[in-house]
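Novice:
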Amino acid sequence: MAGTTTTPAPMRLLVADDEPRILDLFTEILAPEDDFLDGLDGLGGAAAPRAETDFELTRCCQGEEAVAAVAAALRERRPYAAAFLDVRMPPGRGGLVAAEEIRAMDPWVQIVVITAFTDLDADAIAARVPPADKLLYIQKPFHPQEIRQFATSLCAKWRAERDFTALKNRLETLVSERTAALAGANRKLTREIEERERVTGLIAAAKREWEGTFDSVQDMVVVIDRDRRVRRLNLAMAHRLGLPPRDVVGRECSFLFDAPERPGERSSEILAMTDGRYHSRELSIPRLRGEFLVTASPLSQADDAPIGTVFVAHDITERKNLENRLRQSQKMEAIGTLAGGIAHDFNNILGIIMGFAEMIEGDAAPDSSLARRVGHILSACRRARDLVLQILSFSRQSEPGASCLRVGPLVKETLKLIRATVPNSIAIKENIRPGRDAVLAEPSQIQQILMNLCSNAAHAMRETGGVLEVGLEEASQGACPVRGNALAGDCLHLWVRDTGPGIPPEIRERIFDPFFTTKKPGEGTGMGLSVAHGVVRKYNGDIKVKSTPGAGATFDVYLPLAAEADEAAADTQAAPSMGRGRVLFVDDEEALAEIGRELIESLGYAVHAETDSRRALELLRADPAAFDLLVTDQNMPGLTGADLAKGALAARPDLPVLMLTGFSETMSKENARAIGIRDLLLKPILRRDLAAAIEAALHGGDGDGRGRG
0 MAGTTTTPAP
10 MRLLVADDEP
20 RILDLFTEIL
30 APEDDFLDGL
40 DGLGGAAAPR
50 AETDFELTRC
60 CQGEEAVAAV
70 AAALRERRPY
80 AAAFLDVRMP
90 PGRGGLVAAE
100 EIRAMDPWVQ
110 IVVITAFTDL
120 DADAIAARVP
130 PADKLLYIQK
140 PFHPQEIRQF
150 ATSLCAKWRA
160 ERDFTALKNR
170 LETLVSERTA
180 ALAGANRKLT
190 REIEERERVT
200 GLIAAAKREW
210 EGTFDSVQDM
220 VVVIDRDRRV
230 RRLNLAMAHR
240 LGLPPRDVVG
250 RECSFLFDAP
260 ERPGERSSEI
270 LAMTDGRYHS
280 RELSIPRLRG
290 EFLVTASPLS
300 QADDAPIGTV
310 FVAHDITERK
320 NLENRLRQSQ
330 KMEAIGTLAG
340 GIAHDFNNIL
350 GIIMGFAEMI
360 EGDAAPDSSL
370 ARRVGHILSA
380 CRRARDLVLQ
390 ILSFSRQSEP
400 GASCLRVGPL
410 VKETLKLIRA
420 TVPNSIAIKE
430 NIRPGRDAVL
440 AEPSQIQQIL
450 MNLCSNAAHA
460 MRETGGVLEV
470 GLEEASQGAC
480 PVRGNALAGD
490 CLHLWVRDTG
500 PGIPPEIRER
510 IFDPFFTTKK
520 PGEGTGMGLS
530 VAHGVVRKYN
540 GDIKVKSTPG
550 AGATFDVYLP
560 LAAEADEAAA
570 DTQAAPSMGR
580 GRVLFVDDEE
590 ALAEIGRELI
600 ESLGYAVHAE
610 TDSRRALELL
620 RADPAAFDLL
630 VTDQNMPGLT
640 GADLAKGALA
650 ARPDLPVLML
660 TGFSETMSKE
670 NARAIGIRDL
680 LLKPILRRDL
690 AAAIEAALHG
700 GDGDGRGRG
């Protein structure tokens, strides 16, 4: 099937000439009805090929008519491709004027100026009808083929220029549209880039904030991945390990939790918490040096795929130490309560023994064997009484103030207690040298120093055995390092030496730190040496340690010496003075009431003894002047000694009152004096001490001083 060919529309031409024959010639040349031009070249040669271009010709006789035709064609949007204009067209305007007007209306039309004269200036014509590339100039007579060739070429040129311009405009439109599209895409891309940069900045800021928060947490935080390796840790964990985080990331988790010499000890327990559930457990972690509350939380991605486990270790070492100290305090409180109950009963027993022993001693001949035996009994009773006081002081139920005391006898008594707690494989060597040994201190705290140092030494030798040496001497000239105004030689030197393995140099500087201990859990609190150090410093003393690995350790304690106390022996004191007066003695135990009556009667007083405190108060109320002195026990059923004293003083405000007690949590000398009691005496009391108290009460500032028979 043959293809369909589209025939282009004929090109429009305008011819203006005042000669009709010229117009007819143009018609025959450009739009002939017959091809009569074949062979008109006069040469009898072959005919020229017919042009394929068809023309639509418009003929005009005057320039004005040509201008009007061009205007009409432009209105119809059917412009002329070329215009052939004769220069002279009388009587109207010529072709040049028409060409100027046509060019003004249609800049695309190709203009051909035709003239029969040769004296026209071509440059002048070009200047009047620009541009030069759209203006041709030919002279009459012209060859028909020349006119046809001009028409064909000019129309082709006009069409090419029009097509080029249309194409150019189309291309410019496409470029503009594409540029606009690209500009829009660029703006969109710019907005996307800006948004992405903003989101990236937010992510970076959130990451920095998260990292800052992660590292500012004081608890130790570590992330363990599914391969049981360290994925991340915060600065608190890194500081506790003493390593930068980059040196820890990627290591096995056992590196964090296990001591090098005990692999798997804690990491196995911690890894048991990586089962995808939440856990919380208190653990001791050797590698981190403390007790911790460890919480484990599973870590997963957005799609719930597991990543690992987050461990948070909160240090509770101090809390545990405080709990241990609280338990220890509660134990001591329980011991003190028990000791108080024992002391009360034991002092009553000692009171009976000492009372009857003193009465026997008073009836025995001074140099007889009976007097010597009773003297031994009284000495043992005094030691038992002092031992009870020491137990009360150590259990913190009694808080005596600092007083001038001799350390030598106290050390000897304390070593007897220590001997019962030290294994038989450890020998105790006592080296107490003569000399001054009086210091201003509390007996219980001096005992605490000695017991803590001895306990520490015994622990060092518990496996191998050895010798525990305790020594006491007056410091030699120039060897007194104590603080204050003590002169050279004016201090007491107490030392405790053991033959154990010694103290390693790397921990020697820390042995006096609170809670520092090398003992296993349950063997000690790390407070013994710290307490000893604190007591020594309290009394302006000094404590030093010397140790050689494998050769034991020596602790040297230096305390300032006090002025010597009156060292006259108790048995060389003057005999108690005799007195006169009436005494009401009250004690709920019949034996003590009997002993009290006989002791006071032996001093020359008339005594009425009562075992019922309420009956005693009735006697005083019935006759307030019947007695010159009230001596009462404190702990009694029904009515305590304090209540009895208050009732007696209410009945007779000037009545002297003495109170006896073996142990009391509520009654002290200050409390007793606040009630109106003259003095508070501790059981068991010796005859001479009781005589001195009675004499002071009867003949002191508040007594009436009158003895009654």
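Here the sequence shown is numbered in numbering that gives the first Met the number 0, starting from 0 and rising by one per residue.
Yeah, the Cβ is synthetic: ideal placement off N, Cα and C, and Gly gets one too.
Express the C-alpha separation of residue 649 and residue 616 in angstroms, rounding to a whole number.
Specialist: Answer to the nearest angstrom: the Cα atoms are 11 Å apart.
Novice: Exposed or buried, residue 475, counting other C-beta atoms within 10 Å across all chains shown (16 or more means buried)?
Specialist: Exposed.
Novice: So what does DSSP say about residue 373, is it helix, strand or coil?
Specialist: Residue state, collapsed to three classes: helix.
Novice: Roughly how many angstroms lie between the CA atoms of residue 717 and residue 408, to the nearest whole one?
Specialist: In the structure as shown, the chain starts at 0 and stops at 708, and residue 717 therefore has no counterpart that could be examined.
Novice: What are the start and end residues of the beta strand (DSSP E) that includes residue 430?
Specialist: 425–431 is the span of the beta strand (DSSP E), which, as asked, contains residue 430.
Novice: Mind checking who residue 774 pairs with in its DSSP beta bridge?
Specialist: This structure does not reach residue 774, given that the chain is present from 0 up to 708, and the question cannot be answered.
Novice: Among 635, 365, 352 and 403, whose alpha-carbon lies nearest the alpha-carbon of residue 378?
Specialist: Among 635, 365, 352 and 403, the Cα nearest to that of residue 378 belongs to 352.
Novice: Quick check on residue 543: does DSSP put it in helix, strand or coil?
Specialist: The answer is strand: DSSP assigns residue 543 an E or B state.
Novice: Could you check the C-alpha separation between residue 625 and residue 349 for me, to the nearest Å?
Specialist: Roughly 31 Å between the two C-alpha positions.
Novice: Pop quiz: residue 93 and residue 102 are said to be a contact at Cβ under 8 Å. What is the actual Cβ separation, rounded to whole angstroms?
Specialist: Contact doesn't hold; Cβ gap of about 15 Å is too wide.
Novice: Rounded to whole angstroms, what's the CA-CA distance from residue 545 to residue 427? Just pull it up for me.
Specialist: So the two alpha carbons sit approximately 19 Å from each other.
Novice: Would you kindly report the start and end of the unbroken beta strand (DSSP E) that includes residue 109?
Specialist: Unbroken beta strand (DSSP E) run through residue 109: 109–114.
Novice: Shortest alpha-carbon distance to residue 104 belongs to which of 79, 160, 449 and 211?
Specialist: Of the candidates 79, 160, 449 and 211, the one whose C-alpha sits nearest the C-alpha of residue 104 is 79.
Novice: Whose CA, out of 561, 433, 493 and 586, lies closest to the CA of residue 553?
Specialist: Ranking 561, 433, 493 and 586 by Cα distance to residue 553 puts 493 first.
Novice: Assuming the contact rule is C-beta atoms closer than 8 Å, residue 471 and residue 438 should be a hit. Round their C-beta distance to whole Å, please.
Specialist: Rounded, the Cβ-Cβ distance is 11 Å, inconsistent with contact.
Novice: Apart from the five residues on each side of it in sequence, which residues of its chain come closer than 6 Å, Cβ to Cβ, to residue 547?
Specialist: The answer, listed in chain order, is 501.
Novice: To the nearest angstrom, report how far apart residue 528 and residue 252 are at their CA atoms.
Specialist: Their Cα atoms are separated by approximately 36 Å.
Novice: For residue 256, name the three-state secondary structure that DSSP assigns.
Specialist: Helix at residue 256.
Novice: Starting from residue 550, trace the beta strand (DSSP E) both ways and give me its first and last residue.
Specialist: Counting along the chain, residue 550 falls outside any beta strand (DSSP E), and DSSP gives it neither H nor E.
Novice: Under 9 Å between the Cβ atoms of residue 312 and residue 221?
Specialist: The answer is yes: Cβ separation under 9 Å.
Novice: Within 8 Å, do at least three Cβ pairs link the region 580–591 to the region 625–637?
Specialist: The region 625–637 vs the region 580–591: in contact.
Novice: Give the straight-line distance between the Cα atoms of residue 135 and residue 184, rounded to the nearest whole angstrom.
Specialist: So the two alpha carbons sit approximately 50 Å from each other.
Novice: Mind reading off the beta-carbon distance from residue 248 to residue 276? Whole number of angstroms is fine, and I expect it under 8 Å.
Specialist: Going by Cβ atoms, the distance from residue 248 to residue 276 rounds to 25 Å, so no, they are not a contact pair.
Novice: Where do the ends of the beta strand (DSSP E) carrying residue 402 lie?
Specialist: First-last of the beta strand (DSSP E) with residue 402: 402–405.
Novice: Can you tell me the Cβ-Cβ gap for residue 357 and residue 686, rounded? I've got them flagged as a contact below 8 Å.
Specialist: Their Cβ separation, rounded to whole angstroms, is 5 Å, which keeps residue 357 and residue 686 in contact under 8 Å.
Novice: With respect to the beta strand (DSSP E) encompassing residue 81, which residues constitute its N-terminal and C-terminal limits?
Specialist: Per DSSP, residue 81 belongs to the beta strand (DSSP E) from 81–85.
Novice: Is it buried or exposed for residue 138, if we count other Cβ within 10 angstroms and need 16 for buried?
Specialist: The residue is exposed, with fewer than 16 neighbouring Cβ atoms inside 10 Å.
Novice: Based on the DSSP output, what are the partners of residue 11 in its beta bridges?
Specialist: According to DSSP, residue 11 bridges with 55.
Novice: CB-CB under 7 Å to residue 639, same chain, minus the five flanking residues each way: which ones, in chain order?
Specialist: Contacts found: 633.
Novice: Locate the alpha helix (DSSP H) running through residue 640, then write down its first and last residues.
Specialist: 640–650 is the span of the alpha helix (DSSP H), which, as asked, contains residue 640.
Novice: Check whether the region 162–176 touches the region 56–76, counting contact only when three or more Cβ pairs, one atom from each stretch, lie closer than 8 Å.
Specialist: Touching, no.
Novice: Mind checking whether residue 147 and residue 28 have CB atoms under 9 Å apart?
Specialist: Yes.
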